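The opening position of the sequence shown corresponds to residue 239 in my numbering, with each subsequent residue numbered one higher. Using N, Cα and C, we set each Cβ at its ideal position, and we do this for glycine too. None of these values were measured; they are calculated from a predicted model.
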Amino acid sequence: MQLHLITDGKKAKEELVAILCKVNESVDFIHIREKQRSAMEVFELVDELIRSGVRPEKIIINDRVDVAHVLNVGGVNLAYHSLGVCEICRNFPNLRIGKSVHSYEEAIQAELDGADFILYGHIYSTYSKKGMIPKGLMELRKLTKSLKIPVIAIGGITPDKLKELRISGAEGIAVMSGIMDAEDIVHAANAFQTALLAEKEEIG
């Protein structure tokens with residue numbers, strides 16, 4: 239299973255770069271989800287990350303296809319308001335494409351359109367989705383059985399949930415507040431990585 243860390247859009251550039259460099263070795267992918275920043279600001283942030291030692295292929299940029307293409311990073315993750323998967327496939331054939339989805343139908347369509355992976359959730363109750371019913375493991379299992387592309391589970395995930403997520407077919411987890419809001423961000427990232435390694439050892 240993979241660990242995808244998603245930034246929360248709350249931190250200044252210098253602080254964010256420092257944090258991401260510290261947890262770099264504990265995560266498989268870093269999603270730059272900074273909706274409040276301009277294209278140039280996202281470019282400068284990612285460029286500094288790369289110059290600070292984060293490998294470009296580990297970086298996935300949310301929405302900003304232009305920045306992802308220019309910096310030749312690991313991919314782009316599209317939201318509901320982003321350009322369509324088909325358009326990105328047609329115009330940027332070498333770019334790895336993820337798609338955030340919230341229903342079975344959206345996920346099936348994303349795969350048909352050419353997405354390389356999807357983020358699906360929220361699986362568990364989470365403060366950021368207060369009042370919204372979580373998708374749950376049954377829906378996750380239904381989805382993973384229907385898709386050929388990897389499904390990355392997101393929403394309310396803690397290290398103790400990894401076994402049931404793996405059994406339900408998730409090929410990775412995406413975490414935002416569970417790491418970015420922690421008092422000790424490095425410790426939180428390491429806790430997830432330790433749990434993931436334990437799962438890998440269990441399945442051989």
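| query | Hey, would you say glutamate 409 sits closer than 8 Å to isoleucine 390, going by beta carbons? | reply | Yes; because the gap between Cβ atoms is below 8 Å, this pair is in contact.
| said: Going by DSSP in three states, phenylalanine 281 sits in which element: helix, strand or coil? | reply: Of the three classes helix, strand and coil, the one that applies to phenylalanine 281 here is helix, per DSSP.
| message | Just to confirm the assignment: which complete beta strand (DSSP E) runs, minimum length 3, are found wholly within the region 337-417? | response | Entirely contained in the region 337-417, the beta strand (DSSP E) runs reaching 3 residues are, in chain order, 355-359, 389-392 and 410-413.
| Measuring CA to CA, which of Ile244, Glu377 and Ser363 is closest to isoleucine 371? | With distances taken between Cα atoms, isoleucine 371 lies closest to Ser363.
| said: Less than 8 Å between the C-beta atoms of threonine 382 and glycine 359, yes or no? | reply: Going by beta carbons, threonine 382 and glycine 359 fall outside the 8 Å limit.
| message | For a quick check, are the C-beta atoms of isoleucine 211 and valine 308 less than 8 Å apart? | response | No statement about residue 211 is possible, as the shown extent of the chain runs from 239 to 442 and does not include it.
| field | Collapsed DSSP secondary structure at valine 314 in the structure displayed | value | The answer is strand: DSSP assigns valine 314 an E or B state.
| If you count every other CB in all the chains shown that lies within 10 Å of the CB of glycine 394, and 16 or more means buried, which is it? | With 16 or more other Cβ atoms inside 10 Å of its own Cβ, glycine 394 counts as buried.
| Which residue's Cα is closest to the Cα of serine 276: Ile299, Pro294, Leu258 and Glu295? | Closest in C-alpha terms to serine 276, from the list Ile299, Pro294, Leu258 and Glu295, comes Ile299.
| query | Does DSSP put glutamine 274 in a helix, a strand or coil? | reply | Coil.
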